[in-house]
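J.: Here this note's numbering is used: the first residue of the sequence shown is 9, the next is one more, and so on.
First the structure, which I've put down as C-alpha coordinates, then a few questions once you've had a look.
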Amino acid sequence: MALLNEGGGPGRPPPISLQAAILMIVAAPVLEELAFRGAVTDLVHALLKRLAMADTSTLTRTNVITSLAFAACHLPYQPIGMAAAVLLPSLLLGKVREVTGSVVPCMVIHAWFNACYLMVMGV
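Shown next as C-alpha coordinates:
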(Lines of atoms letter the chains of each structure in order from A; the text may use other names.)
(Lines give C-alpha, C1' and ligand atoms only; values in the text may rest on other atoms or scores of the structure.)
Protein backbone atom coordinates (compact mmCIF):
# COMPACT_ATOMS: atom_id res chain seq x y z
CA MET A 9 0.00 0.00 0.00
CA ALA A 10 3.00 2.28 -0.34
CA LEU A 11 1.36 3.93 -3.32
CA LEU A 12 -1.28 5.35 -1.00
CA ASN A 13 1.36 7.45 0.72
CA GLU A 14 3.44 8.51 -2.28
CA GLY A 15 0.84 10.57 -4.18
CA GLY A 16 0.83 14.26 -4.80
CA GLY A 17 3.27 16.28 -6.81
CA PRO A 18 2.83 18.02 -10.16
CA GLY A 19 -0.20 16.75 -12.06
CA ARG A 20 -1.07 14.19 -9.41
CA PRO A 21 -3.80 14.18 -6.81
CA PRO A 22 -2.79 14.37 -3.15
CA PRO A 23 -2.30 11.15 -1.21
CA ILE A 24 -5.44 9.50 0.13
CA SER A 25 -6.08 7.29 3.13
CA LEU A 26 -6.54 3.55 3.00
CA GLN A 27 -10.20 4.08 3.89
CA ALA A 28 -10.68 6.43 0.92
CA ALA A 29 -8.97 3.93 -1.39
CA ILE A 30 -11.30 1.18 -0.19
CA LEU A 31 -14.28 3.44 -0.79
CA MET A 32 -13.06 4.12 -4.34
CA ILE A 33 -12.36 0.46 -5.11
CA VAL A 34 -15.32 -1.19 -3.36
CA ALA A 35 -18.13 1.12 -2.28
CA ALA A 36 -18.20 3.54 -5.22
CA PRO A 37 -18.32 0.84 -7.93
CA VAL A 38 -21.05 -1.11 -6.13
CA LEU A 39 -23.23 1.93 -5.41
CA GLU A 40 -22.64 3.68 -8.74
CA GLU A 41 -23.31 0.55 -10.78
CA LEU A 42 -26.47 -0.28 -8.81
CA ALA A 43 -27.63 3.29 -9.39
CA PHE A 44 -26.59 3.86 -13.01
CA ARG A 45 -26.34 0.47 -14.74
CA GLY A 46 -29.21 -0.74 -12.55
CA ALA A 47 -31.90 1.81 -11.69
CA VAL A 48 -31.12 4.63 -14.15
CA THR A 49 -30.66 2.23 -17.08
CA ASP A 50 -33.98 0.51 -16.32
CA LEU A 51 -35.76 3.85 -15.91
CA VAL A 52 -34.37 5.35 -19.12
CA HIS A 53 -35.08 2.17 -21.08
CA ALA A 54 -38.69 2.06 -19.81
CA LEU A 55 -39.17 5.73 -20.68
CA LEU A 56 -37.73 5.30 -24.18
CA LYS A 57 -39.82 2.18 -24.71
CA ARG A 58 -42.92 4.09 -23.67
CA LEU A 59 -42.02 6.82 -26.16
CA ALA A 60 -41.35 4.13 -28.80
CA MET A 61 -37.71 5.25 -28.96
CA ALA A 62 -35.97 2.19 -27.52
CA ASP A 63 -33.62 0.44 -29.91
CA THR A 64 -31.44 -2.61 -30.14
CA SER A 65 -28.45 -1.02 -31.84
CA THR A 66 -24.90 -1.70 -30.69
CA LEU A 67 -24.78 1.60 -28.80
CA THR A 68 -28.29 2.05 -27.51
CA ARG A 69 -29.91 5.35 -26.69
CA THR A 70 -30.42 4.03 -23.17
CA ASN A 71 -26.67 3.47 -22.76
CA VAL A 72 -25.78 6.89 -24.18
CA ILE A 73 -28.27 8.75 -21.97
CA THR A 74 -27.26 6.80 -18.86
CA SER A 75 -23.55 7.36 -19.59
CA LEU A 76 -24.04 11.09 -20.13
CA ALA A 77 -25.85 11.26 -16.78
CA PHE A 78 -23.04 9.27 -15.14
CA ALA A 79 -20.39 11.64 -16.52
CA ALA A 80 -22.46 14.69 -15.51
CA CYS A 81 -22.69 13.42 -11.93
CA HIS A 82 -18.88 13.47 -11.74
CA LEU A 83 -18.74 17.21 -12.58
CA PRO A 84 -19.20 18.52 -9.02
CA TYR A 85 -16.24 16.42 -7.82
CA GLN A 86 -13.82 16.45 -10.74
CA PRO A 87 -12.52 18.86 -13.37
CA ILE A 88 -14.52 18.75 -16.60
CA GLY A 89 -11.82 16.75 -18.41
CA MET A 90 -11.82 14.03 -15.76
CA ALA A 91 -15.62 13.93 -15.68
CA ALA A 92 -15.67 13.62 -19.48
CA ALA A 93 -13.05 10.88 -19.29
CA VAL A 94 -15.52 8.60 -17.50
CA LEU A 95 -17.85 8.69 -20.52
CA LEU A 96 -16.06 6.00 -22.55
CA PRO A 97 -15.71 3.53 -19.66
CA SER A 98 -19.36 4.22 -18.81
CA LEU A 99 -20.41 3.30 -22.35
CA LEU A 100 -18.38 0.09 -22.03
CA LEU A 101 -20.03 -0.72 -18.70
CA GLY A 102 -23.43 -0.04 -20.24
CA LYS A 103 -22.66 -2.49 -23.03
CA VAL A 104 -21.57 -5.09 -20.47
CA ARG A 105 -24.92 -4.62 -18.69
CA GLU A 106 -26.80 -5.00 -21.98
CA VAL A 107 -24.91 -8.17 -22.93
CA THR A 108 -24.93 -9.87 -19.52
CA GLY A 109 -28.19 -8.50 -18.12
CA SER A 110 -26.40 -8.05 -14.78
CA VAL A 111 -24.72 -5.21 -12.92
CA VAL A 112 -22.29 -7.54 -11.12
CA PRO A 113 -19.73 -7.69 -13.98
CA CYS A 114 -20.03 -3.89 -14.22
CA MET A 115 -19.16 -3.57 -10.52
CA VAL A 116 -16.07 -5.75 -10.94
CA ILE A 117 -14.85 -3.86 -14.03
CA HIS A 118 -15.56 -0.50 -12.37
CA ALA A 119 -13.60 -1.56 -9.27
CA TRP A 120 -10.71 -2.61 -11.51
CA PHE A 121 -10.81 0.77 -13.33
CA ASN A 122 -10.68 2.62 -10.01
CA ALA A 123 -7.86 0.44 -8.66
CA CYS A 124 -5.84 1.03 -11.83
CA TYR A 125 -6.47 4.77 -11.55
CA LEU A 126 -5.13 4.79 -7.99
CA MET A 127 -2.04 2.81 -9.01
CA VAL A 128 -1.30 4.90 -12.11
CA MET A 129 -1.81 8.19 -10.29
CA GLY A 130 0.26 6.95 -7.37
CA VAL A 131 -2.22 8.05 -4.75
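Heads up, the beta-carbon is just placed ideally off N, CA and C, and yes, glycines get one too.
Since the model is a prediction, treat every value here as computed from it, not as a measurement.
For Thr49, count neighbouring Cβ atoms within 10 angstroms of its own Cβ and tell me buried if that reaches 16, exposed if not.
T.: So Thr49 counts as buried.
J.: Sorted by chain position, which residues of the same chain lie with C-beta nearer than 8 angstroms to Thr74's C-beta, five sequence neighbours on each side aside?
T.: Phe44, Arg45, Val48, Thr49, Val52, Ser98, Gly102, listed in sequence order.
J.: Starting from Ser65, follow the alpha helix (DSSP H) in both directions and report where the run begins and ends.
T.: Per DSSP, Ser65 belongs to no alpha helix (DSSP H) and is neither H nor E.
J.: Buried or exposed: which applies to Met127, given that a residue is buried once 16 or more other Cβ atoms fall within 10 Å of its Cβ?
T.: Label assigned to Met127: exposed.
J.: Within 10 angstroms of the Cβ of Cys37, are there 16 or more other Cβ atoms? Answer buried if so, exposed if not.
T.: Residue identity check: residue 37 is Pro in the sequence provided, not Cys. So Pro37 counts as buried.
J.: Around the Cβ of Ala79, are there at least 16 other Cβ atoms within 10 angstroms (buried) or fewer (exposed)?
T.: Buried, by the Cβ-count rule.
J.: Within 10 angstroms of its Cβ, does Cys114 collect 16 or more other Cβ (buried), or is it exposed?
T.: Buried, since its Cβ has 16 or more Cβ neighbours within 10 Å.
J.: Put Gly130 into one of helix, strand or coil per three-state DSSP.
T.: In the structure shown, Gly130 sits in coil (DSSP, three-state: anything other than H, G, I, E or B).
J.: Looking only at its own chain, which residues have a Cβ that is under 8 angstroms from the Cβ of Ile33, when we skip the five neighbours before and after it?
T.: Ala119, Asn122, Ala123, Leu126, listed in sequence order.
J.: Which stretch, first to last residue, makes up the alpha helix (DSSP H) that contains Pro97?
T.: Where Pro97 is concerned, the enclosing alpha helix (DSSP H) stretches over 95–108.
J.: Under 8 angstroms between the Cβ atoms of Leu56 and Thr70?
T.: Yes. Within cutoff.
J.: Does the beta-carbon distance from Val131 to Ile24 come in below 8 angstroms?
T.: Cβ distance < 8 angstroms, so Val131 and Ile24 count as in contact.
J.: So, helix, strand or coil for Tyr85, using DSSP?
T.: Tyr85: coil per DSSP, three-state reduction.
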